[in-house]
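In my numbering, the protein residues as written are 780 to 1166.
Glycine included, each C-beta is placed from N, C-alpha and C at the ideal position.
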């Protein structure tokens, strides 16, 4: 009898409830138990997991590694998918292997290259992958010089943190003065240059930003599965153009993604993003982790999360060519269950209505069905998931 596989995801994105569901729906009918930890008690991944617990707050990266090693040993974790403190964790791969845990993450050298976007751009440019023109800025004067250089070339400037993920901190620079236009409708990524300069000059510490042209759609996000032999097992592009999403196997996107994943040893799952600069694709970002939208590849007939877990366990899934490409789709969010809570105000409100709130649930252990199982197939769930 084949033993069950125990997988741990730490402080991951809410969309990874679908990653978890695909592990359970694996084509090998292998039993999978999922442990999840998070700093937000209302994260949907906690409700989707078989066991769940809070992330400890305030730990240094080194202390977190000790916590993670203890968790893996105590819980018999077979595969650990780290997002929080990934850089520190992969430095201790041998120690995790010693307690019986495989890390579903690239080696430390690869993670280090792509932790800093400026370092990453220099590295990939050296192997022939096109990147946009960019400037690293730490002061108001450097910001002005970069913006003026870009505008002189006919581009609109944007900025983002040199280290960061998920589009946090991305802004588009405008010369238009702040007005009521910025206060009507929904918040906008556009920010007047004079306000940015004023904020930088008043800051206690220097900023660390990349300034570059605002790149155009389509955006193509290539999901890669790479073995420890540096050989790609799967590469599929997910396209985004406004609301319209789709898939591509065109080499203009896949060839540079393969060059990066194989050339830098991005073992296991990585996500490599491109956008357009004029008529050519250029690199936008490289993520050394599973993308939040990875589960959408189920619309192409492949279960990539399970293939990645098999690879981490030393079971080579072989070359994975999608049997078909799913039709274009759009993304619609839907409700996901949360773990029950028992807050004083909630109990007071419920008592006033004559209702009985759900009792508090102990953090350890617990079992809950994955949200994707309630009413839709995994393909339907993938189509409706947030990107």
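- request: Please name the residue, chosen from 1022, 917, 1068, 1094, that lies closest to residue 1112 on a Cα-to-Cα basis.
  value: 1022
message: On the DSSP letters alone, give me the boundaries of the beta strand (DSSP E) that residue 1028 sits inside.
response: Here residue 1028 belongs to no beta strand (DSSP E), and DSSP marks it neither H nor E.
Top-ranked residue by Cα proximity to residue 1173, from 959, 796, 810: The requested residue 1173 is not part of the displayed model; the chain covers only 780 to 1166.
query: Just the Cα atoms here: how many angstroms apart are residue 940 and residue 1105?
result: 34 Å
message: Given a cut-off of 9 Å on the beta-carbon distance, is the pair residue 1033 and residue 1090 in contact?
response: no
Residues near residue 1016 by beta carbon distance below 6 Å, same chain, minus five either side: 999, 1001, 1027, 1032
- request: Using the Cα positions of residue 825 and residue 805, report the straight-line distance between them to the nearest angstrom.
  value: Distance between the alpha carbons of residue 825 and residue 805: 20 Å.
- prompt: For residue 794, which of helix, strand or coil comes out of DSSP?
  reply: Three-state result, residue 794: coil.
- prompt: Cβ atoms of residue 869 and residue 1065: under 9 Å apart, would you say?
  reply: no
- request: Starting from the C-beta of residue 957, find all residues in its chain whose C-beta is less than 7 Å away, skip the five residues before and the five after it, and write them out in chain order.
  value: Same-chain partners within the cutoff: 971, 974.
task: Look at residue 1036 and residue 1053 and say whether their C-beta atoms are less than 9 Å apart.
output: yes
Stretch-stretch touch, CB-based, cutoff 8 Å, three pairs: the segment 919-938 with the segment 1066-1074: Judged by Cβ distances under 8 Å, the segment 919-938 makes no contact with the segment 1066-1074, as fewer than three pairs qualify.
- prompt: Buried or exposed: residue 1069, going by 16 or more other Cβ atoms within 10 Å of its Cβ?
  reply: buried
- prompt: Do you know how far the Cα of residue 833 is from the Cα of residue 820?
  reply: 7 Å
task: Spell out the partners DSSP gives residue 787 in its beta bridges.
output: 814, 859
- request: On the DSSP bridge assignment, give the partners of residue 1060 in chain order.
  value: 1055
message: If I measure Cβ to Cβ from residue 1059 and keep anything under 7 Å in the same chain, skipping five residues before and after, which residues do I get?
response: The answer, listed in chain order, is 909.
- prompt: What's the C-alpha gap between residue 988 and residue 917?
  reply: 7 Å
- prompt: If you draw a straight line from the C-alpha of residue 1160 to the C-alpha of residue 796, how long is it?
  reply: Residue placement at residue 1160 cannot be trusted, given a pLDDT of 33 that sits under 50; the coordinates are not used to answer.
Contacting residues, own chain, Cβ-Cβ under 6 Å from residue 782 (five flanking each side not counted): Nothing meets the Cβ criterion.
message: Which residues does DSSP list as the beta-bridge partners of residue 1000?
response: 1017, 1052
query: Considering only the beta carbon of each residue, do residue 872 and residue 882 sit closer than 9 Å?
result: yes
- request: Just mark residue 800 as buried or exposed, buried being the case when its beta carbon has 16 or more other beta carbons within 10 Å.
  value: buried
- request: Compute the Euclidean distance between the alpha carbons of residue 764 and residue 950, then round it to the nearest angstrom.
  value: Look at the range of the chain in this structure, 780 to 1166, and you will see that residue 764 is not part of it.
query: Which of the three DSSP states, helix, strand or coil, is assigned to residue 1085?
result: helix
task: Note down the Cα distance separating residue 789 from residue 955, rounded to an integer number of angstroms.
output: 42 Å
- prompt: Sorted by chain position, which residues of the same chain lie with C-beta nearer than 7 Å to residue 853's C-beta, five sequence neighbours on each side aside?
  reply: none
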